[in-house]
Amino acid sequence: MPRNARMRLVSIPLLALLAAAPTLAQGDTLAQVKARGHLVCGVSGGVAGFSMPDGQGRWHGLDVDFCRALAAAIFDDPDKVRFIPQSSAARFTALQSGEIDVLARNTTWTLSRDTAAMNFPVITFFDGQGFLVRKSLGISQVKQLDRATICLQQGTTTELNTADWFRTRGLSYQVVTFANSEQTLGAYESGRCDAYSTDKSSLYGERLKTAHPDEHVILEEAISKEPFAPGVRQGDDAWRDLVAWTHYAMIDAEEAGITQENVDRLRGETLSPEVKRILGLEGKYGQGLGLTGDWAYRIVHHVGNYGDVFARNLGDGTPLKIPRGLNALWTNGGLQYGPPIR
Amino acid sequence: MTRVRETLLPPAPPPRRTGGPAGWLRTNLFSGPGNTLTTLVILAGLALLLPPVFRFLVTDAVWSGNSGEACRPEVAGRAVGACWAFVGAKINYLVYGSYPAAERWRPNLFFGLVALGTAWMLWLDAPRRGLGAVFVFLVGPLLSYGLLSGTAVLGLAPVATSLWGGILVTLVVSLVGIVASLPLGILLALGRRSELPVLRYACIGFIEFWRGVPLITVLFMANVMLPLFLPGDLTVDRLVRPLVGIALFASAYMAEVVRGGLQAVPEGQGRAALALGLTRWQAMRLVVLPQALKVVVPGIVNTLIGLFKDTTLVSIVGIADFIRVLEAARADPRWSAPTIPATAYAFAALFYLAVCFSMARYAAFIERRLAAGERGRA
Ligand SMILES: N[C@@H](CCC(=O)N[C@@H](CS)C(=O)NCC(=O)O)C(=O)O
Chain F
96 MPRNARMRLV
106 SIPLLALLAA
116 APTLAQGDTL
126 AQVKARGHLV
136 CGVSGGVAGF
146 SMPDGQGRWH
156 GLDVDFCRAL
166 AAAIFDDPDK
176 VRFIPQSSAA
186 RFTALQSGEI
196 DVLARNTTWT
206 LSRDTAAMNF
216 PVITFFDGQG
226 FLVRKSLGIS
236 QVKQLDRATI
246 CLQQGTTTEL
256 NTADWFRTRG
266 LSYQVVTFAN
276 SEQTLGAYES
286 GRCDAYSTDK
296 SSLYGERLKT
306 AHPDEHVILE
316 EAISKEPFAP
326 GVRQGDDAWR
336 DLVAWTHYAM
346 IDAEEAGITQ
356 ENVDRLRGET
366 LSPEVKRILG
376 LEGKYGQGLG
386 LTGDWAYRIV
396 HHVGNYGDVF
406 ARNLGDGTPL
416 KIPRGLNALW
426 TNGGLQYGPP
436 IR
Chain G
27 MTRVRETLLP
37 PAPPPRRTGG
47 PAGWLRTNLF
57 SGPGNTLTTL
67 VILAGLALLL
77 PPVFRFLVTD
87 AVWSGNSGEA
97 CRPEVAGRAV
107 GACWAFVGAK
117 INYLVYGSYP
127 AAERWRPNLF
137 FGLVALGTAW
147 MLWLDAPRRG
157 LGAVFVFLVG
167 PLLSYGLLSG
177 TAVLGLAPVA
187 TSLWGGILVT
197 LVVSLVGIVA
207 SLPLGILLAL
217 GRRSELPVLR
227 YACIGFIEFW
237 RGVPLITVLF
247 MANVMLPLFL
257 PGDLTVDRLV
267 RPLVGIALFA
277 SAYMAEVVRG
287 GLQAVPEGQG
297 RAALALGLTR
307 WQAMRLVVLP
317 QALKVVVPGI
327 VNTLIGLFKD
337 TTLVSIVGIA
347 DFIRVLEAAR
357 ADPRWSAPTI
367 PATAYAFAAL
377 FYLAVCFSMA
387 RYAAFIERRL
397 AAGERGRA
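Line order of the protein sequences matches chains F and G.
If you count the first sequence from 1, you need to add 95 to reach our numbering.
If you count the second sequence from 1, you need to add 26 to reach our numbering.
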């Protein structure tokens, strides 16, 4: 039958496309990443300071740099990483289905998420939920938002916190939820809502995206704890260790005074045993992670220490100007504290 | 008896001119009180609407600058319209997504191939259109796939689909939809009229299933659910998944459009062709289908325009299509200025308008040509 022959002809290219797709297995993530030749990292689709593409399609941000650091530790090349934007609703499925190796997407570590199907090896950023309101409302405290309509994003902790906070205080409120930050901000700007609520760190960038940033303020108060942590699949302890220590290496480097700028000089002349251990001049600490001895050197050399990364993406030199606050080193009164590399 | 007029008739005024600009205006725009009123209302509307739009898009627009500052009225010292400097700064990202800069000649070549294929198909008197069809429906897609994603055969470095983005992805998604849905739709429509019950019901089932499910659901199933059902070591590329979904979805709609055309061809046509000794397949291919497709050109183009605009739905499953990329580009705090959101969407609107309008014009051209053919025969 010529008709059937045509049908078969048409379906062949489709099947060929299906079969040509790369394959991916669960299990030893590090081995898969090495075999594949690059890391696949789930990020958010445009949160200033955390993950955002520039005019050439190159990604920037704290979450992005975390993934680059991981790639640098593994491959000695911070560019061996692919970024896949994930919506807040689909991000966990993407991790479970093996589509991404690590989820670095301003994701809050909560017990239910941790036990459901993933692990959060380390907290990379301490945040809290905040509110963006119009200056003209003359509001300075969250409790003044009684009877307000609040725009926020689906599938986030924001959704749950807001309900808790208003209910325990006996305040009435209305929530309108959206699938991504574009829609949420759009609704807030068009006057659909009195306030836009999400993690305070995201609000800095969202405020700048409004047509007239000066007409909006971020309320001082944070109504929740939002510890951002990268997510990995359960059942791969080695990968979990590597992800945790990538962050600790950046913290320990900052504490030891090793910066992206001085790391090469220090490597030649340092006498400090601590610095030597971090830079892989003493001991074989990379081995336990399945990496080479200079793994932490690679991170600082290619990406920088935590302070470098913070300053580059969120700090005073950027339009966001987010204070270090809780994310200062523990030695400066913050919460960032890295276990020793030894 | 004969009657002879003895005096000259008084000269009548010349007939109202219908030629010339004034005449044209009179017959087309002011041919009566109702028509005159409508014309005036529309003119007033345009006079109200067009100058501000023109001012925003052109006169007040900022064309250069290297940050959002340039587009702030207090910095520019004047009213600021569209901030085209923003589009300029982001244009590479908007066109190619994160496609590696060194390899951008490949998408460029792909755009060239698309232009060539389109011209070949659209230019009705082009030489060897049959060969053109093979190029558009078979060689082109395979070549483009190899070119964009890279093949060892051609000596091209692989570029993962996760790096593709922007206009490139929007084009790829729509073209796959168009190129797959036309032949598939025709086959399905023929299958639906087949005399073999199994084939007929299979086609009906297929068409009704895909028409009955919203595209969003198809995309979510394809992208989020499918990987969970597949065995662990088998994954389908994340761009290919929605592509297959869109192709199947579009062919179901196309099938119904084509079926409409088949029904419009009188049964006698097929019978006559058979009586002349043509085989069933020849009768279908040479007599029935050409007439059917001719009838449904507007319907086909309508479906294709709808498909082109619908492709932006892939952004909800994390594919960086044109709109998604535009929104991500907007997150840049260095580019924050009052008119940047409006600029971004104006740019998107102009892009979609340009493409859809050309498709519509082409369809109108084809219709006129076909209509001329009808007249010639009558
Ligand atoms: N930290 C919260 C919220 C995370 C979240 O989804 N934030 C939004 C608000 S800005 C976001 O990242 N949107 C970016 C996007 O949709 O691409 C959570 O983990 O649930």
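A virtual CB, placed ideally from N, CA and C, is assigned to each residue, including glycine.
A straight-line Cα-Cα distance of about 20 Å links G/R218 and G/V323.
Using a CB distance below 8 Å, the part of the segment 111-137 of chain G facing chain F consists of A115, K116, I117, N118, Y119, Y122, G123, S124, Y125 and A127, ordered along the chain.
With contacts defined by Cβ atoms closer than 8 Å, F/Y380 and F/I436 form a contacting pair.
The beta carbon of G/P268 does not come within 8 Å of any beta carbon belonging to chain F, so the residue lies off that interface. In this structure, the alpha-carbon of F/E284 lies about 10 Å from that of F/H311. Around the beta carbon of G/M280, a 10 Å sphere encloses 16 or more other beta carbons of the protein chains shown; the residue is thus reported as buried. If you check each beta-carbon in the segment 311-322 of chain F against every beta-carbon of chain G, none falls closer than 7 Å. If you draw a straight line from the Cα of F/P325 to the Cα of F/L157, it is about 11 Å long. When Cβ-Cβ separations below 8 Å define contact, F/Q127 makes no contact with chain G. The DSSP-derived three-state label of F/H311 is strand.
The beta carbons of F/T341 and F/F145 sit about 16 Å from each other, so the pair does not count as a contact at 8 Å. F/D259 sits in a helix when the DSSP states are folded into three classes. Counting only unbroken stretches of 4 or more residues, the alpha helix (DSSP H) elements lying wholly within the segment 135-201 of chain G are 155-160 and 166-175, in sequence order.
Counted as a single uninterrupted DSSP element, the stretch harbouring G/R356 is not any beta strand (DSSP E) but the alpha helix (DSSP H) occupying residues F348 to R356. Neighbours of G/V101 in chain F, taken as residues whose beta carbon is under 7 Å from its own, are absent, since the nearest beta carbon is some 14 Å off. For F/G225, the beta-bridge partners assigned by DSSP are F/T293. Residue range P59 to F80 is occupied by the alpha helix (DSSP H) that includes G/L75, with no beta strand (DSSP E) assigned at that position. The shortest CA-to-CA distance from F/M213 to any of F/T219, F/F221, F/F220 and F/W204 is the one to F/W204.
Under the 8 Å Cβ criterion, the segment 298-306 of chain F does not count as touching the segment 167-184 of chain F, having fewer than three qualifying pairs. If you check each beta-carbon in the segment 178-190 of chain F against every beta-carbon of chain G, the ones closer than 7 Å belong to I179, P180, Q181, S182, A185 and T188. Counting C-beta pairs with one atom in each stretch, the segment 352-365 of chain G and the segment 98-109 of chain G have three or more that are closer than 8 Å, which means they touch.
When the five nearest sequence neighbours on each side are left out, the beta carbons in the same chain lying within less than 8 Å of the beta carbon of F/I195 are those of V135, C136, G137, I179, Q181 and A189, in order along the chain. Distance from the C-beta of F/V142 to the nearest heavy atom of ligand 1 is below 7 Å. G/P359 belongs to the set of residues whose beta carbon lies under 8 Å from a beta carbon in chain F. For F/S182, the Cβ falls inside the 7 Å cut-off from some heavy atom of ligand 1. Sorting F/P216, F/N201, F/A199 and F/G150 by C-alpha distance to the C-alpha of F/D331 places F/P216 at the top. DSSP places F/Y268 inside the beta strand (DSSP E), whose first and last residues are Y268 to F273. DSSP places F/L303 in the helix class (H, G or I) of the three-state scheme. Separation of G/L304 and G/V291 (C-alpha to C-alpha, rounded to the nearest whole angstrom) is 17 Å.
The Cβ of F/M345 sits no closer than 8 Å to any Cβ of chain G. Counting only runs of 4 or more residues that sit fully inside the segment 330-410 of chain F, the alpha helix (DSSP H) segments are 332-350, 358-364, 368-373, 390-397 and 401-408, in chain order. Excluding residues up to 5 positions away in sequence, R242 lie with their Cβ nearer than 6 Å to the Cβ of F/S267 in the same chain. A Cβ of chain F is located within less than 8 Å of the beta carbon of G/G344.
Short of 7 Å from the beta carbon of F/R186, and not among the five residues preceding or following it, lie these beta carbons of its own chain, in chain order: G137, L198, R200 and T202. Distances from the CA of G/I392 to each of G/G325, G/S341 and G/I68 were compared; the closest alpha carbon is that of G/G325.
As for any alpha helix (DSSP H) of minimum length 4 sitting wholly inside the segment 254-289 of chain G, there is none.
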